[in-house]
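Here's the structure, in structure tokens; my notes come after.
Protein chains: 2
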Amino acid sequence: MATEYLGIDVGGTNVKMGIVNAESGNITNFYSHDTGSWRATGHFVDNLGDAIAVQLKENPEVKKIGIGVPGLISRDRSTLMEITAIPETDGTPIIPLLKKRFPEHDFFLENDANAAALGEYYFGEEKLPEDYIFVTLGTGVGGAAIIDKLVFKGGGGNAMEPGHMPSANGKVLERNIGKNELLDLANKMRGEFKGETRLPSDGSISTTGLVAAASDGDVLALQIFDVVGTLLGDGLVSMIRILDITTILIGGGLSASFEYIMPAVNRQLKYWLTPYYMKTLDIKRATLANDAGLLGAASLCF
Amino acid sequence: MATEYLGIDVGGTNVKMGIVNAESGNITNFYSHDTGSWRATGHFVDNLGDAIAVQLKENPEVKKIGIGVPGLISRDRSTLMEITAIPETDGTPIIPLLKKRFPEHDFFLENDANAAALGEYYFGEEKLPEDYIFVTLGTGVGGAAIIDKLVFKGGGGNAMEPGHMPSANGKVLERNIGKNELLDLANKMRGEFKGETRLPSDGSISTTGLVAAASDGDVLALQIFDVVGTLLGDGLVSMIRILDITTILIGGGLSASFEYIMPAVNRQLKYWLTPYYMKTLDIKRATLANDAGLLGAASLCF
Chain A
0 MATEYLGIDV GGTNVKMGIV NAESGNITNF YSHDTGSWRA TGHFVDNLGD
50 AIAVQLKENP EVKKIGIGVP GLISRDRSTL MEITAIPETD GTPIIPLLKK
100 RFPEHDFFLE NDANAAALGE YYFGEEKLPE DYIFVTLGTG VGGAAIIDKL
150 VFKGGGGNAM EPGHMPSANG KVLERNIGKN ELLDLANKMR GEFKGETRLP
200 SDGSISTTGL VAAASDGDVL ALQIFDVVGT LLGDGLVSMI RILDITTILI
250 GGGLSASFEY IMPAVNRQLK YWLTPYYMKT LDIKRATLAN DAGLLGAASL
300 CF
Chain B
0 MATEYLGIDV GGTNVKMGIV NAESGNITNF YSHDTGSWRA TGHFVDNLGD
50 AIAVQLKENP EVKKIGIGVP GLISRDRSTL MEITAIPETD GTPIIPLLKK
100 RFPEHDFFLE NDANAAALGE YYFGEEKLPE DYIFVTLGTG VGGAAIIDKL
150 VFKGGGGNAM EPGHMPSANG KVLERNIGKN ELLDLANKMR GEFKGETRLP
200 SDGSISTTGL VAAASDGDVL ALQIFDVVGT LLGDGLVSMI RILDITTILI
250 GGGLSASFEY IMPAVNRQLK YWLTPYYMKT LDIKRATLAN DAGLLGAASL
300 CF
């Protein structure tokens, strides 16, 4: 029987957990609790501990627990530092607290994007090399780097915030191509566009509408994704030049537009990079989708 | 008696070597040979080996040799990959070759900027933390990151090429603020400048002239360094966001203008970075100057 881990994905809306089969990635005993009601008790970490206790009682064979959290954590992976969605936990030594309550178990804490990136290595559809960059496109632009099959922590422990790199127009990358900014840009470009397009002109362009239009070859939709790809590509070049990593996974909700963003991304990479990088360059979509957070948390136990 | 190492700084013009006292950083038995004549023999690595043999014979107590080279090396630090100034050595497994000739000795190979960065830790004037970014301003903009007192290799082994990050004006950073580009910019700004300045208008502005003018408060010279600082600052923000390292050393020939560049650098960092980074931010000049390469090479032996 394959080893099983308890994976916990702490989000601003829900805390999800489940028993993950280390070989198949199958999730059983899935449980979700709304973050807000645990916060309201004033004892978020205790409530989390209670839920863990239930899981461990039902699954006595599980000895390792991985936890992904949406924010900054201490370099030694013991303490919550800045969890914007649950700020009252900032400074909480969550791992020592849980270890005290569950002394027979091992706990592993990681930032959720880092965990999701690592999850792609162990549970993704494709075999990955031991070094890759993971970038998530969504409301924000998040990221992680895996080096030697380990989460790259950088100096202070919280490496890889690509969304906050200076980009064009005096803005950071995610203020140029985050979901909301993308839609603002789309509606603005729609207003100025003179050609044929099926994109609505009343300011109601949605990301799904944009992707659908692009898949039908809509010229304006493709132009919009070209802007996104250009800015993303330039940002990726900086990451590649700093990290010397040329396998790149793109995840997050906006990665649905992957194939429409990629022509511009590839154009920028070819423009800026030398053969040393280009010969191993490989950019692809992340594969874990909805379960990325939970599987990523479990992958911390490997 | 303190341990001694042989430090070797392979440059495009000269190969310098010397016995380095691990405590004091004093260099004895200094020897320099022009790179070109060794290249002309067609046996560069053999010639280097001969020079090493002489040094080791004269200093039998030395058991470790550190070598810095100006280019890309293999991730396992055994082989020269792309040494632009000595391209005929590309692909040479220099460490196995030397180890075969000197089986009783240990050899350590590193990129020269990486070595110089590490040298600052062991031989610099100031106590450094275990994590810092090193940026050299010169004809190019080079760099290195030290994480946990070790050279950060990234994924492929050749991390930290900040000069090749996309910057403003559709150019990479070093094509904006490398020495020659800085002088082009200075002469261009001189042509457009209407105020009082002591900078010559005949296209003959030099970096020393620029620094001297800035030190006298020349408005145009300060404006020129403001441009450099703005672009450098934005580049540093990207490095900080990716690496989560907030101690930054500035070295290289142009670092003579450090104090005139810094106001703009600091302005950009304050603009882009959050308190998490700002509370530990520390930017200072590198201290090793001329001996950085040789001492850096020796520091690989620690």
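Protein chains in written order, with numbering that gives the first Met the number 0: chain A, 0 to 301; chain B, 0 to 301. All residues carry an ideal CB built from backbone N, CA and C; glycine is no exception.
Contact with chain B is absent for Met261/A, since none of that chain's Cβ atoms lies less than 8 angstroms from the residue's Cβ. Contact of Pro165/B with chain A by beta-carbon distance below 7 angstroms involves Asp233, Val236, Ser237, Trp271. Rounded to the nearest angstrom, the gap between the Cα atoms of Leu182/B and Glu125/A is 50 angstroms. Within the segment 85-116 of chain A, not one residue has a Cβ closer than 7 angstroms to any Cβ of chain B.
Interface annotation, Ile146/B: in contact with chain A, CB-CB separation under 8 angstroms.
In this structure Tyr275/B is in contact with Leu71/A, their Cβ atoms being roughly 7 angstroms apart against a cut-off of 8 angstroms. Counting C-beta atoms within 10 angstroms of its own C-beta, Val53/A has fewer than 16 neighbours from the protein chains shown and is therefore classed as exposed. Cβ atoms of Asp8/B and Gly292/B come within 8 angstroms of each other, at about 3 angstroms. Taking 8 angstroms as the cut-off, the Cβ atoms of Phe224/B and Ser254/B do not count as close.
Around the beta carbon of Met0/B, fewer than 16 other beta carbons lie within 10 angstroms, which makes this residue exposed. Look at the beta carbons and you see the segment 14-21 of chain A not touching the segment 82-98 of chain A: under three pairs across the two are nearer than 8 angstroms. The C-beta of Arg240/B comes closer than 8 angstroms to at least one C-beta of chain A.
If the five residues before and after Ala296/B are omitted, its C-beta is found closer than 7 angstroms to the C-beta atoms of Gly6, Ile7, Asp8, Gly65, Ile66, Gly67, Ala114, all from its own chain and listed in chain order.
Of the other Cβ atoms in all chains shown, 16 or more fall within 10 Å of the Cβ of Pro165/A; this residue is therefore buried. In the same chain as Gly228/B, and ignoring 5 residues on each side of it, the C-beta atoms closer than 6 angstroms to its own belong to Ile260, Ala263, Val264, in chain order. By the criterion of a C-beta distance shorter than 7 angstroms, Ala167/B is surrounded in its chain by Asn175, Leu230, once the five residues flanking it on both sides are discounted. The residue from Ser203/A, Leu149/A, Val44/A, Asp201/A with its alpha-carbon nearest to that of Phe301/A is Leu149/A. For Thr279/B, there is no enclosing alpha helix (DSSP H), as DSSP gives it neither H nor E. Below the 9 angstroms Cβ cutoff, chain B contributes Arg240, Ile241, Leu242, Asp243 as neighbours of Met159/A, in chain order. Between the segment 237-250 of chain B and the segment 116-130 of chain B, the count of C-beta pairs closer than 8 angstroms reaches three or more; the two stretches touch. Shown here for Tyr121/B: same chain residues with a beta carbon closer than 7 angstroms to its own, the five before and five after excluded, namely Ser298, Phe301 in chain order.
Residues of chain B with a Cβ closer than 8 angstroms to the Cβ of Glu81/A are, in chain order, Tyr275.
Residue-level contact by beta carbon holds for Leu71/B and chain A, with a gap shorter than 8 angstroms. Leu172/A and Leu184/A have their C-alpha atoms spaced approximately 14 angstroms apart. Residue Ile82/A holds the alpha-carbon nearest to the alpha-carbon of Pro69/A among Arg189/A, Ile82/A, Gly155/A, Val140/A. Approximately 7 angstroms separates the beta-carbon atoms of Ile146/B and Gly153/A; this is inside 8 angstroms, confirming the contact.
Each residue's CA atom was taken as its position, placing Val210/A and Leu198/A some 11 angstroms apart. Runs of the beta strand (DSSP E) lying entirely within the segment 57-131 of chain B and spanning at least 3 residues, in chain order: 63-68, 79-81, 105-110. If the five residues before and after Ala158/A are omitted, its C-beta is found closer than 7 angstroms to the C-beta atoms of Ala144, Phe151, Lys152, all from its own chain and listed in chain order.
Straight across, the Cα-Cα distance linking Glu195/A with Ala213/A is about 13 angstroms. With a minimum length of 3 residues, the unbroken runs of beta strand (DSSP E) contained wholly in the segment 238-272 of chain B fall at 246-250.
Per DSSP, the beta-bridge partners of Lys15/A are Asp8/A, Ser31/A. If only uninterrupted alpha helix (DSSP H) runs of at least 4 residues are considered, those enclosed by the segment 172-221 of chain A are 172-176, 178-191, 206-214. Taking Leu221/A as reference, the option from Gly252/A, Arg189/A, Trp271/A with the minimal CA-CA separation is Arg189/A. Here the C-alpha atom of Gly155/A lies approximately 15 angstroms from the C-alpha atom of Ser237/B. Just so you know, the alpha carbons of Leu280/B and Gly234/B end up roughly 15 angstroms apart.
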